[in-house]
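Following: one structure in structure tokens, then a few remarks.
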Amino acid sequence: MRERWYPTLIVLGLLGGMVYTLHADLAHRPSSPRQLGNETVAEGTENKGVSDWWLVVLTGGLVGVGFLQAQVSMRQRDLMSEQTKIIRSQAEQSVQTMRALIFKNHTEDRFHLSDQNASTISQVSINIRWHNFGNTPGLNAEGWAEYSVVRDMVNQPDPIFLKHDPDHPYIAQIGPRVEFSTGPILIPYAEVNEVVQQKARIFVWSRVEYSDVFMDTPRRVTEICEELIVLLDPNEALTIERAGTGMKATKAILFRTYGRRHNAAT
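So for the sequence shown, the working numbering puts the first residue at 1; every next one is plus one.
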């Protein structure tokens, strides 16, 4: 805002300088042509004073024109600046629209463990399913997961920060609108049985890292947490269900806990 006052201050300074110069010139002139002793020179001096006035007026006019041109230029500059901001904003929105967005799929896994085959099952296998909801592929995608057993039936567990593991599955590219899975996670049935008896809770922690086609942006991370819930369906079969959602949970761990239910529906 201060820059807009600079042309005004310059014009005022020039006008003040011209007024001061004119005043000083008139102050040093003789009050009467007769003091010079030469009528011809005196008349010439009076004509010179008139020409000085016209010079001041002309200079002031030129300065005023320059001032108006400066104001117009400043307005054009401000308009161009606003247009540039709008173009940049539209470009950023376009980039956001085209980014790869990998989140966990809405679909929840269910495992039916009937009383007849429960004794023969030693572990439960879980695959984490993901989906690229973006319009461009996710590059150099990596996904891994693990689980934790929590015997605190009230409070949420402490977050597990998954670190890079050279043995985890590595996926080179995930196309737009493409689903993929990471895992499996193997959970001993004895620990699952603790959940059935309401003595423990099992949480699955999963994470995916990837890059998008815009190489100037850092790698993107989606990290979620889900609780395994064991339900009884109408056929008295045990159903293990992942009851958490990580949609839109970029760079964050979310918890969503369900209470015990008596059917397989969520």
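Ideal placement from N, C-alpha and C gives every residue a C-beta, glycine not left out.
Residue range of the beta strand (DSSP E) that includes residue i
{"i": "V124", "result": "Q123 to N132"}
{"i": "A145", "result": "G138 to V150"}
Residues that residue i bridges to, as DSSP identifies them
{"i": "E82", "result": "Answer is none; E82 lacks a bridge partner."}
{"i": "P201", "result": "The amino acid at residue 201 is misidentified as Pro; the sequence shows Arg. R201 pairs with V150."}
{"i": "T182", "result": "I128"}
{"i": "L68", "result": "Per DSSP, none; premise fails for L68."}
{"i": "I102", "result": "N132"}
{"i": "Q173", "result": "L139"}
Residue i: first and last residue of the uninterrupted alpha helix (DSSP H) it sits in
{"i": "N155", "result": "N155 -> no alpha helix (DSSP H), and no H or E assigned at all."}
{"i": "A190", "result": "Y189 to V196"}
Integer-rounded CB distance, given that residue j should sit under 8 Å from residue i
{"i": "A172", "j": "N135", "result": "A172 to N135, Cβ: 19 Å. No contact."}
{"i": "V299", "j": "E226", "result": "An answer regarding residue 299 cannot be provided, because it is not within the stretch 1 to 266 covered by the chain."}
{"i": "I187", "j": "I202", "result": "6 Å"}
{"i": "P137", "j": "V221", "result": "About 17 Å; that fails the 8 Å criterion."}
{"i": "S206", "j": "I128", "result": "4 Å"}
{"i": "A190", "j": "V150", "result": "Wrong, their Cβ atoms sit about 15 Å apart, outside the cutoff."}
{"i": "A132", "j": "I86", "result": "Contrary to the premise, residue 132 reads as Asn rather than Ala in this sequence. About 30 Å; that fails the 8 Å criterion."}
{"i": "W130", "j": "E82", "result": "Not really, about 41 Å apart at Cβ, beyond 8 Å."}
Review point. For the 8 Å Cβ check, are there 3 or more pairs between the region 140 to 150 and the region 179 to 186?
Key: In this structure the region 140 to 150 touches the region 179 to 186; the number of beta carbon pairs closer than 8 Å is three or more.
Practice item. Determine, using beta-carbon pairs with one atom in the region 186 to 195 and one in the region 68 to 77, whether at least three such pairs fall under 8 Å. Key: Three or more beta-carbon pairs separated by less than 8 Å are not found between the region 186 to 195 and the region 68 to 77, which leaves the two stretches without contact.
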